[in-house]
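One structure is given below, encoded as structure tokens.
Numbering (full-length UniProt numbering), first residue to last: 1 to 379.
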């Protein structure tokens, strides 16, 4: 009796626990599990073949269909027909022909006089005049956008007096041509012989001659800056207005100070709409400095006029000024691209790759294709 109970207990110990008979882990550790795997794989394949919608059912149903009715998925996929635009190729070919003809004329036409161009392109007088042009652009841009920012804030203020003053300023300086403003400031001594600092309608503490302070260069800077401020004010105001006021209300509800709201919320978003127009204004001001030649200021265009007035080489000297304007405008355009890309980080999850990064990517792809071709040939 005791021997039979002991044998039953041993058999119970050797038996699998409930629920583990079909466990894959237990089956893997049982003796003979390796030998059983091929059979189990065959059973699984047979079970998969019996499931509806599997590859076996699809092949069987395709075999039962009439001839020509068994179409694959790729055959049922509609193909998009390529649209050909012959006029597009004709216009492109005509443009390339005209471009080639123009380039041929630049090289072969002796009227361009490229030796004279090369002689004066880096002449000391031209480089000095170019420095004056850059100084006028720098001062006009800095002061213009500084005054324009104050005018934009005044236009958006709750004070009606400031709003009216800012509006009248913008209206007046946008209505008067730049050359008229420049000549007015150049001849300001006809109206005021002296300038005084002191109490309004009271005694003066400091008095000086206008001609000793407002020189030709100073008058040009004042005229360019005041003219630029009128346009900059509207550009900056439009950028500030473009920011959603709900964001400022949410920031105020969180207790964020107004200066921090302006610096961290308003400015980064407003710059996205300010920068393109502001850069266009800077480029326009850079080229507009040629107007100060009427004031006999030795900027780039004035100096070129002086040189071709002496030697009569009009076209090559004009090309000297043209190429310098193109080069510096290109530099400003590239700077605009990278500044816009910097301020676009909040609007784009992944910034647009730069032209250099795009070029590197394409070179890398070509190199990978070139290295993969020999390996495929050896195989």
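Positions of the beta carbon are idealized from the N, C-alpha and C atoms, including for glycine.
From a predicted model like this one, the values you see are computed outputs, not experimental measurements.
Considering only residues of the same chain and omitting the five flanking positions on each side of residue 331, which have a CB-CB separation below 8 Å?
Here residue 331 refers to the residue found at position 331 when the chain shown is read from its first residue. Taken in chain order, the list of residues that qualify is empty.
Stretch-stretch touch, CB-based, cutoff 8 Å, three pairs: the segment 327 to 344 with the segment 283 to 293
yes
Could you spell out where the alpha helix (DSSP H) holding residue 240 opens and where it closes?
Along the chain shown, read from residue 1 onward, the residue named residue 240 stands at position 240. Residue 240 -> alpha helix (DSSP H) spans 216 to 241.
Below 8 Å, how does it come out for the segment 173 to 182 and the segment 226 to 236: are there three or more Cβ pairs, yes or no?
yes
Can you name the start and end residues of the beta strand (DSSP E) that residue 204 belongs to?
Translated into the one-based positions of the chain shown, residue 204 becomes position 204. Residue 204 -> beta strand (DSSP E) spans 204 to 209.
Which residues in the same chain as residue 240 place their Cβ atom closer than 7 Å to its Cβ, once the five residues preceding and following it in sequence are excluded?
Here residue 240 refers to the residue found at position 240 of the chain shown. Cβ neighbours of residue 240 beyond the five flanking positions: 152, 156, 266, 270.
Per-residue burial, residue 171 [other beta carbons within 10 Å of its own, 16 or more giving buried]
Within the chain shown, numbered from 1, the residue matching residue 171 stands at position 171. The residue is exposed, with fewer than 16 neighbouring Cβ atoms inside 10 Å.
Answer with buried or exposed for residue 261, where buried requires no fewer than 16 other C-beta atoms within 10 angstroms of its C-beta.
Residue 261 sits at position 261 when you count from the first residue of the chain shown. In this structure residue 261 is buried. Its beta-carbon is surrounded by 16 or more other beta-carbon atoms within 10 angstroms.
Would you report the Cα separation of residue 231 and residue 103, rounded to the nearest angstrom?
Position 231 of the chain shown, counting from 1, holds the residue named residue 231. Position 103 of the chain shown, counting from 1, holds the residue named residue 103. For residue 231 and residue 103, the distance between alpha carbons rounds to 38 Å.
Which parts of the segment 71 to 147 are runs of the alpha helix (DSSP H), unbroken and 4 residues or longer, counting only runs that do not cross its ends?
73 to 76, 86 to 108, 114 to 121
Buried or exposed for residue 303, going by 16 or more other Cβ atoms inside 10 Å?
Residue numbering aside, residue 303 sits at position 303 when the chain shown is read from its first letter. Looking at its Cβ environment, which holds 16 or more other Cβ atoms inside 10 Å, residue 303 is buried.
DSSP state of residue 246, grouped into three classes?
What you label residue 246 is simply residue 246 of the chain shown in a count that begins at 1. Residue 246 sits in a helix when the DSSP states are folded into three classes.
Can you give the Cα-Cα distance for residue 48 and residue 356, rounded to whole angstroms?
Translated into the one-based positions of the chain shown, residue 48 becomes position 48. Translated into the one-based positions of the chain shown, residue 356 becomes position 356. Legend: pLDDT at residue 48 = 47, less than 50; position of this residue unreliable, value from coordinates given subsequently. Looking at the two C-alpha atoms, the distance is approximately 53 Å.
At which residues does the alpha helix (DSSP H) containing residue 195 begin and terminate?
Indexing the chain shown from 1 puts residue 195 at position 195. Segment 194 to 198 is the beta strand (DSSP E) holding residue 195; no alpha helix (DSSP H) there.
Residue 320 vs residue 126 beta-carbon contact at 9 Å:
As a first step, residue 320 must be located in the chain shown, where it is residue number 320. As a first step, residue 126 must be located in the chain shown, where it is residue number 126. Taking 9 Å as the Cβ cut-off, residue 320 and residue 126 qualify as a contacting pair.
Ends of the alpha helix (DSSP H) at residue 255?
The residue labelled residue 255 in the question sits at position 255 within the chain shown. Counting along the chain, residue 255 falls outside any alpha helix (DSSP H), and DSSP gives it neither H nor E.
May I ask you to report which of helix, strand or coil DSSP gives residue 278?
As a first step, residue 278 is located in the chain shown; it is residue number 278 there, counting from the start. DSSP places residue 278 in helix when its eight states are reduced to three.
Where does residue 340 fall in DSSP's three states?
Along the chain shown, one-based indexing puts residue 340 at 340. Helix, per DSSP.
Chain-order list of residues whose beta-carbon lies under 6 Å from that of residue 307 (same chain, five-residue window excluded):
Taking the first residue of the chain shown as position 1, residue 307 is located at position 307. Around residue 307: 317.
Quick one: what does DSSP say residue 299 is sitting in, helix, strand or coil?
Counting from 1 along the chain shown, the entry for residue 299 is found at position 299. Coil at residue 299, not helix or strand.
Less than 9 Å between the beta carbons of residue 252 and residue 258, yes or no?
Residue mapping note: residue 252 aligns to position 252 of the chain shown, counting from 1. Residue mapping note: residue 258 aligns to position 258 of the chain shown, counting from 1. Yes, these two residues count as a Cβ contact at 9 Å.
If you draw a straight line from the C-alpha of residue 144 to the C-alpha of residue 299, how long is it?
Sequence index remark: in the chain shown, residue 144 carries index 144 (1-based). Sequence index remark: in the chain shown, residue 299 carries index 299 (1-based). Answer to the nearest angstrom: the Cα atoms are 20 Å apart.
How many whole angstroms separate the CB atoms of residue 344 and residue 272, which I take to be in contact at a CB cut-off of 8 Å?
The count along the chain shown starts at 1 and reaches residue 344 at position 344. The count along the chain shown starts at 1 and reaches residue 272 at position 272. Right, their Cβ atoms sit about 6 Å apart.
Identify whether residue 354 lies in helix, strand or coil by the three-state DSSP scheme.
As a first step, residue 354 is located in the chain shown; it is residue number 354 there, counting from the start. Residue 354 falls in the coil class under three-state DSSP.
Among 255, 264, 205, whose alpha-carbon lies nearest the alpha-carbon of residue 243?
Position 243 of the chain shown, counted from the first residue, corresponds to residue 243. Nearest option by C-alpha distance: 264.
Roughly how many angstroms separate the alpha carbons of residue 167 and residue 340, rounded to a whole number?
By one-based count along the chain shown, residue 167 stands at place 167. By one-based count along the chain shown, residue 340 stands at place 340. Distance between the alpha carbons of residue 167 and residue 340: 29 Å.
How many Å lie between residue 111 and residue 99 at the Cα?
The count along the chain shown starts at 1 and reaches residue 111 at position 111. The count along the chain shown starts at 1 and reaches residue 99 at position 99. If I take the Cα positions, the gap works out to 19 Å.
For the segment 182 to 190 against the segment 129 to 144, do three or more pairs of beta-carbon atoms, one drawn from each stretch, fall closer than 8 Å, so that the two count as touching?
no
Looking at residue 274 and residue 238, is the spacing between their C-beta atoms short of 9 Å?
Counting from one through the chain shown, the residue named residue 238 turns up at place 238. Counting from one through the chain shown, the residue named residue 274 turns up at place 274. Yes, the pair counts as a contact, with Cβ atoms nearer than the cut-off.
Taking 9 Å as the threshold (beta carbon to beta carbon), is residue 221 in contact with chain D?
Looking for chain D here will not work: only one protein chain is present.
Provide the residue span of the alpha helix (DSSP H) that contains residue 170, from first to last.
Position 170 of the chain shown, counting from 1, holds the residue named residue 170. Its alpha helix (DSSP H) spans residues 160 to 175.
Report yes if the C-beta distance between residue 297 and residue 184 is below 9 Å; otherwise report no.
In the chain shown, counting from the first residue as 1, residue 297 sits at position 297. In the chain shown, counting from the first residue as 1, residue 184 sits at position 184. No, the Cβ-Cβ distance between residue 297 and residue 184 is not below 9 Å.
So for residue 284, helix, strand or coil by DSSP?
To locate residue 284, count along the chain shown from 1; it is residue 284. In this structure, residue 284 counts as helix in the three-state DSSP scheme.
Using C-beta distances below 6 Å, list every residue in its chain close to residue 290, excluding the 5 sequence neighbours before and after it, in chain order.
If you number the chain shown from 1, residue 290 lands on position 290. 301.
Sorted by chain position, which residues of the same chain lie with C-beta nearer than 7 Å to residue 313's C-beta, five sequence neighbours on each side aside?
Locating residue 313 in the chain shown gives position 313, counting from the first residue. Correct list, in chain order: 113, 116.
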